[in-house]
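Only one structure is covered here, and it is reproduced in the block below.
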Amino acid sequence: MIKSFRHAGLQRFFETGSKAGINPEHAPRLNRILGVLNSATVIAQIDIPGYKPHKLNGDLAAFWAIKVSSNWRIIFKFEHSEIELIDYLDYH
0 MIKSFRHAGL QRFFETGSKA GINPEHAPRL NRILGVLNSA TVIAQIDIPG YKPHKLNGDL
60 AAFWAIKVSS NWRIIFKFEH SEIELIDYLD YH
């Protein structure tokens, strides 16, 4: 279950469907990804073809990432069956 967001636009999209603050072209994929994240209780439930979940390194080593588009990712921490600090960014 999603516990917290870092990205206000992504949180607003998740809670209300508002596309203000996100790339509107990403909305359908973001909606699917957030649905999977919200229902996941173990990290294996996120390993869906096309999502390419992967653990990050360096300053973001505590985070996992899921591909939204060529450069854009949702990053998150998975702790105690909860998703925390979800962010939506282009970190490449």
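FYI, in numbering that gives the first Met the number 0 the residues of the sequence shown are 0 to 91.
Virtual Cβ for every residue (Gly too), placed ideally from N, Cα, C.
Candidates 42, 30 and 5: which alpha carbon is nearest residue 15's? 30
Tell me the residue span of the beta strand (DSSP E) that contains residue 77. 71-78
Using the beta-carbon count (16 or more within 10 Å), is residue 87 buried or exposed? buried
First through last residue of the alpha helix (DSSP H) which encompasses residue 19: Per DSSP, residue 19 belongs to no alpha helix (DSSP H) and is neither H nor E.
Can you give me the start and stop residues for the alpha helix (DSSP H) that residue 29 sits inside? 26-38
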